[in-house]
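Q: Here you go, one structure.
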Amino acid sequence: MKSMRARLLFWLLAAWSLAGVLAAVISYRTAEREAGELFDRHLKQIALSLRDQPFEDQDILGTLEEESDYDFVIEVWDASRTKLYSSHSEARVPQSAIPGYSYTERSGETWRTFVLNVDGTNIQIAQPMAVRRARAANLALRTVTPFLVLLPLMGLLIWFTVSKGLAPLVSFTRAIGQRDHNRLADVSMPQLPAELQPMERELNQLIARLRIAMDAQRAFTADAAHELRTPLTAVQLQAQLAERAQDPVTRAEAFDKLRAGLRRSVQLVRQLLELARAENAGQLQHSAISMSELINEVVVSLTDMADRKQIDLGINCEDGAMIEADRSAIRTLISNLVENAIQYTQTDGKIDVSATCSPAGTLIEVTDNGPGIPDSDKARVFDRFHRGENALGSHTHGSGLGLAIVQAIARQHGAIVRLLDGPSGRGLCVQIQFANIARRQEAVTQE
Amino acid sequence: MRLLLVEDDIMIGESIRAGLQQAHYAVDWIRDGAAAEPAVALHTYALVLLDLGLPRKSGLDVLRALRRRRIDIPVLVITARDAIEKRIEGLDAGADDYVIKPFDLDELLARVRALLRRAAGRSVGTLVAGELTLDPVSMCVSHRGSDVLLSPREFALLRALLERPGAVLSRAQLEERLYGWGDEVESNAIEVHIHNLRKKLGGDILRNVRGAGYFVVDKP
């Protein structure tokens, strides 16, 4: 039974019926007991009233037979067990020898008997128990009748009360129904019953969380659309300039620039996807990763890019450096760090990528001797689309997403990102500290 | 005609500069907002192309600062924000026009021409003095009904003089309008261009006021 209304109706009516049955049983029992005493006295009185009767006079007793029918069976016998009188033609009740009250069984019927012994003459008055039971049953029936009569009325009453009680739930439901991702206002219903208030509170907290998430999503989309305009503007202008080029040399140059613009657009789109993926924690697949292997792989894929700027890109990894993480996420993290370093380091610069282990965990470092990031700017460079101030002078087209991606991936893995000045006070050293596996799990659960 | 381009993005800046140069404008390009004001104070620009998303000092702040100092140079705003409020904000801050990224180079050039025209108090694009006409769109110059072929510098010089026929521009003013930063200016370059123009157009159109400069004769 799914409906609360039906369930309440069922159980309340069941309880009502049970109460009726209980009342009937109790009144049956009480009636049986009280009627028993009454009838017993009755039997005795009849016996006593017959004590002085001359039993030869059958006429007087004959009328008794007519009136009382089977209610009473009167039998009188003398000391020699000769029947002096019987109210009914055939003997229905066995003669009891014991004076006083007793129960007798005869042809499947229980009888209540009273025997009075007067000078050897036994007067026995017997009454079938069925009579008493019928009387008690009758009483019980009368008790249960109002319950039965009132049952449909109770049903209606319960139905209406429950409906009225559920009305706030209905309007609450309607209020929730009016919300969607564009209208995430708090649900506020002043007359909400106390039982629903915790639900309202929890719901509003959920709505608040959703609102924050939606706002972040909207801001991200707006930012992304805005950021995409820049490389697209460049591409459009470059294409038009290429179209207009008068001589082959200018045209070739224009096409080179157009290609660079396209590369940049592609890079932005790729990084937008990487960031979106990094901010969605649900899809991680953890496995044990050898850092030296992964760093080798990333650095090899970026040597062309480094060579174009004659940057000396080197690796220094401990063989034992292992982490438990999502391989493709960590690959994205490292390649963004190295790409960033290549982009912002001047021609002939130097970049070192290292991985070391300590009892605390595995530390990845990417160090360059580029312009570095001033302390005032260090906190903000993690904001997406924020480009460092020192990046201004350089001839780069960073998307401003690299460190935001790094931060998001590190957070997913419970790792800490630190921005330090380079070893000689120049350049930038980015540290990613992965806690050892046990600690990492702690950090993740704490979050 | 010398224009100031304030745009932080290298690819876009390079492209706009190249496009403007093809239309024979001299272009100074700076990449950060803080440098814009000093540049405007130091040089005579016919127009500023101002990107709003600049590092250090936003384009809007630059614009407000210029207008506060009552510098009424035409400003064409380049913005990536297409929300109406943003556009209104820009216009209210003193922008004369705006283009939204991504934009078409031809549209940008047309808006530049329109702003320069408006600043010169004209509503038709073609510059005219007597029988001499110069069309900044098609970059055609004709004199007495026949087309004249000019070099880019000659074209720019003639355009500067034709902006206000009858008004005298000194050699320094002409140099200022013709050459951007880094352009090599020979000491007698203006005289050479004037000489060449006189050869192509006839000597009586371009006049010299000794010690003051050059002007174009308005009425023949």
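One line per chain: the protein sequences are A and B, in this order. Here this note's numbering runs 851 ahead of the position in the first sequence, where the first position is 1. Here this note's numbering runs 8 ahead of the position in the second sequence, where the first position is 1. Beta carbons: idealized from backbone N, C-alpha and C, even for Gly.
Let me know if residue 917 of chain A comes out buried or exposed under the rule of 16 or more other beta-carbons within 10 Å of its beta-carbon.
A: What you label residue 917 of chain A is simply residue 66 of the first sequence in a count that begins at 1. Any answer about residue 917 of chain A is weak, because its pLDDT of 48 lies below 50 and its placement is not dependable; what the coordinates show is given next. Per the 10 Å Cβ criterion, exposed.
Q: For my contact list, residue 20 of chain B and residue 1085 of chain A are in at a C-beta cut-off of 8 Å; report their separation, rounded to the angstrom.
A: Within the second sequence, residue 20 of chain B is the residue found at index 12, counting from 1. Within the first sequence, residue 1085 of chain A is the residue found at index 234, counting from 1. So it is a contact: roughly 5 Å between Cβ atoms.
Q: In chain A, what lies closer than 8 Å to residue 9 of chain B by C-beta?
A: In the second sequence, residue 9 of chain B corresponds to position 1, counting from 1. The contacting residues do not exist; residue 9 of chain B stays about 19 Å from chain A at best.
Q: Can you list, in chain order, the residues of the stretch 1132 to 1155 of chain A whose Cβ is nearer than 7 Å to any Cβ on chain B?
A: Listed in sequence order: no entries.
Q: For residue 47 of chain B versus residue 38 of chain B, is the C-beta spacing smaller than 7 Å?
A: In the second sequence, counting from the first residue as 1, residue 47 of chain B sits at position 39. In the second sequence, counting from the first residue as 1, residue 38 of chain B sits at position 30. Yes, they are a contact pair.
Q: Kindly provide the ranges of any alpha helix (DSSP H) runs that are 4 or more residues long and lie completely inside the stretch 156 to 187 of chain B, ordered along the chain.
A: Within the stretch 156 to 187 of chain B, the complete alpha helix (DSSP H) runs of at least 4 residues are 160 to 171 and 179 to 186.
Q: Cutting at 7 Å between CB atoms, please list the residues of its own chain near residue 193 of chain B, excluding the five before and the five after it.
A: Here residue 193 of chain B refers to the residue found at position 185 when the second sequence is read from its first residue. Counting only Cβ-Cβ distances below 7 Å, and skipping sequence neighbours, we find 183 and 187.
Q: Would DSSP call residue 1213 of chain A helix, strand or coil?
A: On the first sequence, position 362 is the one that residue 1213 of chain A refers to. Residue 1213 of chain A falls in the strand class under three-state DSSP.
Q: Tell me which residues share the same chain as residue 208 of chain B and place their Cβ nearer than 6 Å to its Cβ, disregarding the 5 neighbours each side in the sequence.
A: Within the second sequence, numbered from 1, the residue matching residue 208 of chain B stands at position 200. Excluding sequence neighbours, residue 208 of chain B sits near 156.
Q: What span of residues does the beta strand (DSSP E) with residue 963 of chain A cover, start to end?
A: Translated into the one-based positions of the first sequence, residue 963 of chain A becomes position 112. Counting along the chain, the beta strand (DSSP E) containing residue 963 of chain A begins and ends at 960 to 969.
Q: Quick check: is the beta carbon of residue 127 of chain B nearer than 7 Å to any beta carbon in chain A?
A: Walking along the second sequence from the start, residue 127 of chain B turns up at place 119. Closer than 7 Å: no.
Q: Below 7 Å between beta carbons: does that hold for residue 1236 of chain A and residue 1251 of chain A?
A: Taking the first sequence and counting its residues from 1, one reaches residue 1236 of chain A at position 385. Taking the first sequence and counting its residues from 1, one reaches residue 1251 of chain A at position 400. Cβ distance < 7 Å, so residue 1236 of chain A and residue 1251 of chain A count as in contact.
Q: Among A/957, A/931 and A/965, which residue has its Cα nearest to the Cα of residue 925 of chain A?
A: Numbered from its first residue, the first sequence carries residue 925 of chain A at position 74. When only C-alpha atoms are compared, the closest one is A/965.
Q: From the DSSP output, in three-state form, read off residue 1207 of chain A for me.
A: For the purposes of this step, residue 1207 of chain A is taken as residue 356 along the first sequence, with counting starting at 1. Reduced to three states, the DSSP call for residue 1207 of chain A is strand.
Q: Could you check which residue in B/101, B/117, B/105 and B/153 has the C-alpha nearest to that of residue 9 of chain B?
A: Mapped onto the second sequence, residue 9 of chain B falls at position 1. Nearest C-alpha to residue 9 of chain B: B/117.
Q: In terms of residue numbering, what span does the beta strand (DSSP E) encompassing residue 223 of chain B cover?
A: Numbered from 1 along the second sequence, position 215 holds the residue referred to as residue 223 of chain B. Here the beta strand (DSSP E) through residue 223 of chain B covers 221 to 224.
Q: Compare the Cα-Cα distances from residue 1038 of chain A to each of A/1044, A/1032 and A/1052 and report the closest residue.
A: Taking the first residue of the first sequence as 1, we reach residue 1038 of chain A at position 187. Nearest C-alpha to residue 1038 of chain A: A/1052.
Q: Buried or exposed for residue 962 of chain A, going by 16 or more other Cβ atoms inside 10 Å?
A: Taking the first sequence and counting its residues from 1, one reaches residue 962 of chain A at position 111. The residue in question, residue 962 of chain A, is buried, as its Cβ has 16 or more Cβ neighbours within 10 Å.
Q: List the residues of chain A whose Cβ lies closer than 7 Å to the Cβ of residue 31 of chain B, in chain order.
A: Residue 31 of chain B sits at position 23 when you count from the first residue of the second sequence. Within 7 Å Cβ-Cβ: nothing; residue 31 of chain B doesn't reach chain A, min ~10 Å.
Q: In or out: residue 52 of chain B buried (at least 16 other Cβ within 10 Å) or exposed?
A: Position 44 of the second sequence, counted from the first residue, corresponds to residue 52 of chain B. Classification for residue 52 of chain B: exposed.
Q: Count Cβ pairs between the stretch 173 to 181 of chain B and the stretch 215 to 225 of chain B that sit closer than 8 Å; are there 3 or more?
A: Touching, yes.
Q: Given a cut-off of 7 Å, decide if residue 75 of chain B and residue 102 of chain B are closer than it, judged by their beta-carbon atoms.
A: In the second sequence, counting from the first residue as 1, residue 102 of chain B sits at position 94. In the second sequence, counting from the first residue as 1, residue 75 of chain B sits at position 67. Yes. Within cutoff.
Q: Leaving out five residues on either side along the sequence, give the residues of the same chain with a beta carbon under 8 Å from the beta carbon of residue 36 of chain B.
A: What you label residue 36 of chain B is simply residue 28 of the second sequence in a count that begins at 1. These residues qualify, in order along the chain: 10, 11, 12, 13, 47, 51, 53, 188 and 189.
Q: Of all the CB atoms in chain A, is at least one closer than 7 Å to the CB of residue 20 of chain B?
A: Position 12 of the second sequence, counted from the first residue, corresponds to residue 20 of chain B. Taking Cβ atoms only, chain A reaches closer than 7 Å to residue 20 of chain B, which makes this a yes.
Q: Which stretch, first to last residue, makes up the alpha helix (DSSP H) that contains residue 143 of chain B?
A: Start at 1 with the first residue of the second sequence, and residue 143 of chain B comes out as number 135. That residue, residue 143 of chain B, is in no alpha helix (DSSP H); its beta strand (DSSP E) goes 140 to 143.
Q: Just the Cα atoms here: how many angstroms apart are residue 1287 of chain A and residue 1211 of chain A?
A: Residue 1287 of chain A sits at position 436 when you count from the first residue of the first sequence. Residue 1211 of chain A sits at position 360 when you count from the first residue of the first sequence. Approximately 6 Å between the Cα atoms of the pair.
Q: Per DSSP, residue 151 of chain B forms a beta bridge with which residues?
A: Within the second sequence, the letter at position 143 stands for residue 151 of chain B. Answer by DSSP bridge pairing, in chain order: B/140 and B/154.
Q: What did DSSP end up calling residue 981 of chain A once you bin it into helix, strand or coil?
A: One-based indexing of the first sequence puts residue 981 of chain A at position 130. Note: residue 981 of chain A maps to helix in three-state DSSP.
Q: If we count the other Cβ atoms within 10 Å of its Cβ and call it buried at 16 or more, is residue 23 of chain B buried or exposed?
A: Locating residue 23 of chain B in the second sequence gives position 15, where the first residue counts as 1. Buried, since its Cβ has 16 or more Cβ neighbours within 10 Å.
Q: Over the uninterrupted beta strand (DSSP E) stretch that includes residue 928 of chain A, give me the two end residues.
A: Within the first sequence, residue 928 of chain A is the residue found at index 77, counting from 1. It spans 924 to 928 - the beta strand (DSSP E) in which residue 928 of chain A sits, taken as one unbroken run.
Q: Tell me, to the nearest whole angstrom, how far the beta carbon of residue 856 of chain A is from that of residue 995 of chain A; I am working on the premise that it is less than 8 Å.
A: For the purposes of this step, residue 856 of chain A is identified with residue 5 of the first sequence, where counting begins at 1. For the purposes of this step, residue 995 of chain A is identified with residue 144 of the first sequence, where counting begins at 1. Rounded, the Cβ-Cβ distance is 27 Å, inconsistent with contact.
Q: State the CB to CB distance for the pair residue 864 of chain A and residue 976 of chain A, rounded to an integer number of angstroms; the pair is presumed to be in contact (CB under 8 Å).
A: Taking the first sequence and counting its residues from 1, the one referred to as residue 864 of chain A is at position 13. Taking the first sequence and counting its residues from 1, the one referred to as residue 976 of chain A is at position 125. About 47 Å; that fails the 8 Å criterion.
Q: Short of 7 Å Cβ to Cβ, which residues in the stretch 30 to 50 of chain B face chain A?
A: Of all residues in the stretch 30 to 50 of chain B, 30, 39 and 40 have a Cβ within less than 7 Å of some Cβ in chain A.
Q: Buried or exposed, going by whether 16 or more other CB atoms sit within 10 Å of the CB of residue 879 of chain A?
A: What you label residue 879 of chain A is simply residue 28 of the first sequence in a count that begins at 1. With 16 or more Cβ atoms within 10 Å of its Cβ, residue 879 of chain A is classed as buried.
Q: Can you tell which of B/88, B/89, B/112 and B/128 has its C-alpha closest to the C-alpha of residue 81 of chain B?
A: Against the second sequence, residue 81 of chain B aligns to sequence position 73. Among B/88, B/89, B/112 and B/128, the Cα nearest to that of residue 81 of chain B belongs to B/128.
Q: Is it true that the stretch 1174 to 1191 of chain A meets the stretch 1146 to 1166 of chain A, where meeting means three or more beta-carbon pairs spaced less than 8 Å apart?
A: With the cut-off at 8 Å, the stretch 1174 to 1191 of chain A and the stretch 1146 to 1166 of chain A touch.
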